[in-house]
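Peer 1: Numbering-wise, this note's numbering puts 461 at position 51 of the sequence shown, and it's gapless, one number per residue.
Cβ coordinates follow ideal geometry from the N, Cα and C atoms, glycine included.
Can you keep this structure in mind? I'll have questions shortly.
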Amino acid sequence: YKQPVNSSTIGDPLYQGVRKHEHEAREKKNSYYANSDLLLLPSVFDNDPLVVMEAFNFKTPSMVLKDTDSALRLANDVTGFTEPYDVNAWASKILYLMDNKEELDKVKNTQESIYESWDIVTNKYLSLFQQEIDKYSKN
Numbered sequence: 411y412k413q414p415v416n417s418s419t420i421g422d423p424l425y426q427g428v429r430k431h432e433h434e435a436r437e438k439k440n441s442y443y444a445n446s447d448l449l450l451l452p453s454v455f456d457n458d459p460l461v462v463m464e465a466f467n468f469k470t471p472s473m474v475l476k477d478t479d480s481a482l483r484l485a486n487d488v489t490g491f492t493e494p495y496d497v498n499a500w501a502s503k504i505l506y507l508m509d510n511k512e513e514l515d516k517v518k519n520t521q522e523s524i525y526e527s528w529d530i531v532t533n534k535y536l537s538l539f540q541q542e543i544d545k546y547s548k549n
């Protein structure tokens with residue numbers, strides 16, 4: 411279940427401990443969040459993904475793409491990290507955070523103020539969907 415990101419990263423100290431995980435059991439997935447320093451979500455397609463909230467639950471900060479829906483919950487460098495769609499910016503920020511663990515710790519300490527349970531999140535979206543349904547059914 412733990413495979414290197416790709417064969418060219420084997421032995422590269424920058425990738426030490428980096429693994430690709432797919433379809434993990436909840437317990438294993440939760441242990442990854444709890445033992446991770448940072449969740450990286452460089453997706454332009456995910457719209458307020460659950461994975462960011464799951465990471466919050468374990469005080470694991472997230473880095474997401476700036477100006478995406480994933481970034482809406484985050485105040486950059488306060489409750490998470492938002493970086494532009496640029497591999498060099500991401501690499502620079504990751505290296506900076508590796509060398510400045512106190513920056514990660516500062517953000518980790520804000521995670522409880524952001525975390526919302528799945529029930530709360532689904533009820534918010536249910537309310538939004540209902541508002542849209544009501545708006546269109548009146549027309």
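Tell me which same chain residues have a C-beta within less than 8 angstroms of the C-beta of residue 547, skipping the five on either side of it?
Peer 2: By 1-based counting over the sequence shown, the position of residue 547 is 137. Cβ within range, chain order: n/a, list empty.
Peer 1: Going by alpha carbons, who is nearest to residue 535 out of 436, 441, 508 and 458?
Peer 2: Residue numbering aside, residue 535 sits at position 125 when the sequence shown is read from its first letter. It is 458 whose Cα lies nearest to the Cα of residue 535.
Peer 1: Can you list, in chain order, the residues of its chain whose CB lies under 8 angstroms from that of residue 487, leaving out five sequence neighbours each side?
Peer 2: Working through the sequence shown from its first residue, we reach residue 487 at position 77. 513 and 517, listed in sequence order.
Peer 1: Counting C-beta neighbours from all protein chains within 10 Å, is the total for residue 466 16 or more, i.e. buried, or is it exposed?
Peer 2: Taking the first residue of the sequence shown as 1, we reach residue 466 at position 56. Per the 10 Å Cβ criterion, buried.
Peer 1: Are the CB atoms of residue 484 and residue 490 nearer to each other than 8 angstroms?
Peer 2: Stepping through the sequence shown from its first residue, residue 484 is reached at position 74. Stepping through the sequence shown from its first residue, residue 490 is reached at position 80. A contact, by the Cβ cut-off of 8 angstroms.
Peer 1: Distance, Cα to Cα, residue 538 vs residue 504?
Peer 2: For the purposes of this step, residue 538 is taken as residue 128 along the sequence shown, with counting starting at 1. For the purposes of this step, residue 504 is taken as residue 94 along the sequence shown, with counting starting at 1. Answer to the nearest angstrom: the Cα atoms are 35 angstroms apart.
Peer 1: In chain order, what residues of the same chain lie with their CB nearer than 8 angstroms to the CB of residue 476, ignoring the 5 residues before and after it?
Peer 2: Numbered from 1 along the sequence shown, position 66 holds the residue referred to as residue 476. Around residue 476: 486, 492, 493, 494 and 495.
Peer 1: Which residues bound the beta strand (DSSP E) around residue 468?
Peer 2: Against the sequence shown, residue 468 aligns to sequence position 58. Careful: residue 468 lies outside any beta strand (DSSP E) and carries neither H nor E.
Peer 1: Which residues in the same chain have their Cβ closer than 6 angstroms to the Cβ of residue 456, if we skip the five residues on either side of it in sequence?
Peer 2: Numbered from its first residue, the sequence shown carries residue 456 at position 46. So the list reads 480, once near-sequence residues are dropped.
Peer 1: Mind checking residue 508: buried by the 16 CB within 10 Å criterion, or exposed?
Peer 2: Position 98 of the sequence shown holds residue 508. By the neighbour-count rule (16 or more Cβ atoms within 10 Å), residue 508 is not buried but exposed.
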